[in-house]
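One structure is given below, encoded as structure tokens.
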Amino acid sequence: MEKIEIRRIVFTFDARRSRAGMLEALAGLAEQTQAELIGLFIEDVDLLRLAALPIAREIGYSSAARREFDLARMQRSLDALADHLRRLCEATLGDTAVPWSFRVARGSRAEHLLSAASEGHTPTLLVPAGTDPRASPVVVSLSELTEENSRELLESPQRPILILP
Amino acid sequence: MDEDSDSLRAETSDPAGNKQAIAGIVPLAPAQLCLRCPPEQFQFDTTDQLEDLDATLGQARAIGAIDFGIGIRSKGYNLFAMGPAGTGRHAIVRQHLERQARSLAPPPDWCYVFDFLAPHKPHALKFPAGQAVSFAQKMERLVEDLRAAIAAAFETDEYRTRREEIEREFGERQEKAIGEISEQAKAKGISLLHTPTGFAFAPTRNDKVISPDEWSALPENEQQQFESLISSLQETLAHVIHEMPKWRREALGKVRELNRQMTRTAVNSLIDDLKAEYRDQPQVQGYLVSVQEDVIDRAELFQHAKDAESAMSFGMALPQPESGESPFRRYAVNVLIDNSHATGATIVYEDNPSHDALTGRIEHIAQMGALVTDFMLIKAGALHRANGGYLVLDALKVLTQPFAWEALKRALRSGEIRTQSLGQELSIISTQSLEPEPIPLDIKVVLVGERPVYYLLHAYDPEFADLFKVAADFEEDMPRRPESALTYARAVATFARREKLRPLDRTGVARVIDQLSRHTGDAQKLSTSTRNFADLLRESDYWAGKAGHAVISEQDVRRAIEVQISRSDLLKQRVQDHILRGDLLIDTAGARAGQINGLAVAQLGGFLFGMPQRITARTRLGNGGVIDIERESELGGPIHSKGVLILSGFLAGRYAANKPLSLSASLVFEQSYGGVEGDSASSAELYALLSALADAPIRQSLAVTGSVNQHGDVQAIGAVNEKIEGFYDVCRAGGLTGEQGVLIPASNVKNLMLREDVVESVAEGKFAIYPVRSVDEGIAVLTGQPAGKIHALVEQRLSDYADRALAFHLGAARKPWRAVPWKK
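Right, dumping it as structure tokens:
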């Protein structure tokens, strides 16, 4: 079986999932494979659209309290979260030899992930939020991926996705 | 002065220098003035040849009481060793306690351990002597073994897989619940979104959240429908979120049960081994069972103990133990009492018997600005250390320490040691504290104190008699018998050897015995004061060393005594100087009516010395009272006043049985500014009074001591040696004339242990000691006239006073009665 050398690891954050230990695991994997780490925080465009509606309300994760929100508040929340994630990456990856970058994008998750995965034309490991990076990946070819099937892959992320050029 | 008196005063010395009798009173012979211990009675050359003396001299009564008190084990038979300081109370008590303690088994060890059900009530565990420390070490090793065994159990595949299953099950349960709501929403054209802080429902069109424009374009009823749907979904979601903590609890419960299962096997095998070792000690076994349960319950602590951070489970910190930095401190053992080195029952002497020093204390440590404590900070007190043995305390120290006496009585009464801080007991401190389980008390307490302390406690503390039933009364002196001299010599030899002093030759021993007899103020007694005895021997050894003597002889002992006196007699010298310079008026020659030399004694800093004191009497016609100027000026004590009142009784009984006593007399201690107490001058005061009434001069070359009763009998007084020597020193400083001497009660002759120089002067006829039995004898010696004559003169004077008083009263009665006319 041919050995595949991963050159890039693209990982995403979302607004909800616990990030404890994930960055450390990714840094270990990147050091092991000598791959570049790319952190991607995608501001969900659906959230922003909802925030613009007069019926925008949320229920707290732990408290179950109902709160109204608007576009400005949602934007501030997303900005604050992006800053926090950047600092987290700096704190965790800053002292390692792993080359890393952090990006903030807005739009569809599938679209941006595919775009990031296809940038280098090299084998890229896609680690959606909440996925164990050490789990065996689902291997797909870039050419096979459409926006539709990639959304399906991303919506139930149990395993990382290895995208081959 | 008539012929009789002349003949009486013509006292001369016989060829041997001995004084001849005056008025039938024979002065004491030199041999009567001091009972010397003859060195030639001893067969040894030095005390090195004598065997040690095991027994204690002169304390048979106290020792009998101590042996009884120590031997009897019944409740309340604690001891009070009473007697003057310096009689060897502490040493004798200790010596007897040690002897008894050696025959007893070492008392048990005691520990405090954590009580898992009531952490503020540490549990007391009892072990046979010497086993507590090993139990503490075994518990320490057990914890180490448990950490390794439990950590290993948690690292097995079985555990990891089972735990992941539980965690995954919990995660899936959450995801499933949320997913179901998401599906329900999706079916109704609504999408479930994740915001940074929660969930939100958004209306969608073509799988995309509708834009504000599209929303605005929707008919109102459609908007309301969406709103209603979203509201309903939010209700459902809120219900699920509310359920989640319960699911987490269930999952935690499963993990805990898993932990228990995994831990139980490891723990049981280790603790069962330990339980088997202590199968004969149900209390310890019970404690180990509770440790077993607690370890199984708190297995996570063992699993995560190596991590610096708090143990986490399902994103929540596990609870930390209540006390200390280490989560395993609760399994430690606080060895309160370790008797591993004891060879018998313990004897504890607590020099500072404060409340805490007796009952133990609970220490606190500052943690984040608060004072906290735990069972490891309980410290033993003297009662703990002496439990199963003997506790020796100084009674006065216990009584002067706040609440110590009450704490001691409470412990003895209840038969248990309850460690509680004073602040807690008085409810004045509200820091976190403990209520350690009381420890059963089996102890014999020996209080050492002075007699007044014992009698006061007996009188004023109703519990005292129940708690201290045995009194060991230490005597300050013992009878001096010829056969006891050798025993005393052996005591000297034993002490010299024990203290590594030079041996004493027979003259040295004899001089020591003489001096110890002198300490008692009685030729027929010997002092049992170990302090005087030890000081004299140590100081004699010092002077022997200074003189280059290999053996302590009489001259070294004498030097030690002289230097002891010279170190303390500054005030005595000052008084003598004042007398010699004429500041203090004391005549040692001539004669004067109504004036006599009394003898006083003063004790300053343990040094007793005598000095003459001029007493004068004046009489006049009056209404029958003897005025004590000392009492009137509030310088006289009650006993002195009593003595003076007795004089009135004597005068009335002897001279005025049939007539009124129409006398006013005043008595005073001249130049006395510091107060007078005691009745030893009452005979002197009576002589002065009789002299004044009879106008018969008293020889100022004589001094007088002795008390008197209403019949005129002269009675014994104290410190007779010091009083005689006080007058002798004044006379010698002014030059001994051969006329000088002292009148003492005949009953005090047996007390005489006078200095050698006094005895020598008496032997040379330069000084005399007259023993008198009655006022009649005394007045005859002092005035040189027969007592009958003096009494006749006194009676005549008093009769004259009575007649004059009668005439005075009759004259007043004969005055005519005159009516005074009433004027308006």
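So the protein lines, in turn, are chains A and B. Here the first sequence is numbered in my numbering, starting from 1 and rising by one per residue. Here the second sequence is numbered in my numbering, starting from 1 and rising by one per residue. Glycine included, each C-beta is placed from N, C-alpha and C at the ideal position.
Query	Result
Same chain, Cβ closer than 8 Å to B:Gly315, neighbours up to 5 away in sequence not counted	A caution first: B:Gly315 carries a pLDDT of 49, below 50, which makes its placement in the model unreliable, though a value can still be read off. So no residue of the chain qualifies.
Own chain residues within Cβ distance below 6 Å of A:Arg66, not counting five before or after	Arg57, Ile59
Sequence ranges, beta strand (DSSP E) only - wholly within the stretch 714-790 of chain B, length at least 3	741-745, 768-772
DSSP state of B:Pro15 mapped onto helix, strand, coil	The pLDDT assigned to B:Pro15 is 45, lower than 50, so where the model puts this residue is not dependable, and the model offers no usable value.
B:Met611 CB to nearest heavy atom of the ligand NAD below 6 Å	In the structure on display, the ligand NAD does not appear, and there are no ligands present to speak of.
Presumed contact (8 Å Cβ cut-off) between B:Leu782 and B:Ile698, rounded CB distance	5 Å
Pair within 7 Å by beta-carbon distance, B:Asp294 and B:Phe116	yes
Spatial distance of A:Arg106 from A:Arg76 (CA atoms)	14 Å
The alpha helix (DSSP H) enclosing B:Tyr112, as first and last residue numbers	Run containing B:Tyr112: none in the alpha helix (DSSP H); it sits in the beta strand (DSSP E), 109-113.
Chain-ordered residues of the stretch 228-249 of chain B with a beta carbon less than 7 Å from chain A	Ile230, Gln234, Leu237, Ala238, Ile241, His242
7 Å Cβ cut-off: residues of chain A touching B:Ser191	Asp46
B:Ala692 versus B:Ile639 - alpha carbon distance	24 Å
Residues near B:Asp577 by beta carbon distance below 6 Å, same chain, minus five either side	none
Whole-Å CB distance - B:Leu501 paired with B:Leu412, under 8 Å assumed	Not confirmed; about 41 Å, so no contact.
Residue ranges of each beta strand (DSSP E) within the stretch 25-111 of chain B, 3 or longer	79-82
Proximity of B:Leu233 and B:Ala185 at Cβ, strictly below 7 Å	yes
B:Ile166 (DSSP reduced to helix, strand or coil)	helix
Where B:Ala10 falls: helix, strand or coil (DSSP)	Residue confidence for B:Ala10 is low, a pLDDT of 40 falling below 50, so the modelled location carries little weight; the figure read from the coordinates is stated next. Looking at B:Ala10 - three-state DSSP - the assignment turns out to be coil, as it is neither helix nor strand.
Where B:Val209 meets chain A, residues with beta-carbon distance less than 7 Å	Asp46, Arg49, Leu50
Buried versus exposed call for B:Pro327 [16 or more other C-beta atoms within 10 Å across all chains shown]	buried
Contacting positions in the stretch 143-164 of chain A - beta carbon closer than 8 Å to chain E	Chain labels in this structure do not include chain E; the protein chains are A and B.
Nearest residue (CA-CA) to A:Leu53, options B:Leu50, B:Trp215, B:Glu222	B:Trp215
Proximal residues to A:His121 (C-beta, below 8 Å), its chain only, five neighbours per side dropped	Pro165
Proximity of B:Pro30 and B:Ala763 at Cβ, strictly below 7 Å	yes
Close beta carbons around B:Leu258, own chain, < 6 Å, minus the five adjacent residues each side	Arg162
For B:Lys824, three-class secondary structure by DSSP	Its pLDDT being 49, under 50, B:Lys824 is placed unreliably in this model, and the coordinates cannot settle the point.
Neighbourhood of B:Val575 by C-beta, 6 Å cutoff - its chain only, sequence neighbours within 5 removed	Met611
Nonlocal neighbours in the same chain, by C-beta distance under 6 Å from B:Ser747, ignoring five residues either side	Ala716
B:Arg480 vs B:Lys409 beta-carbon contact at 7 Å	no
Length of the line joining the Cα atoms of B:Ile579 and B:Leu585	6 Å
Nearest-angstrom Cα separation, counted from B:Leu604 out to B:Leu686	29 Å
The stretch 77-94 of chain B / the stretch 443-455 of chain B touching (three or more Cβ pairs under 8 Å)	yes
Residue range of the unbroken beta strand (DSSP E) whose run includes B:Gly649	Not the beta strand (DSSP E): B:Gly649 falls in the alpha helix (DSSP H), residues 638-655.
Sequence-distant residues of its chain with Cβ nearer than 7 Å to B:Tyr455 (five each side left out)	none
Close Cβ partners of B:Glu483 (< 7 Å) along its chain, the five nearest in sequence each way excluded	none
Distance CB(B:Ile230)-CB(B:Phe201) smaller than 7 Å	yes
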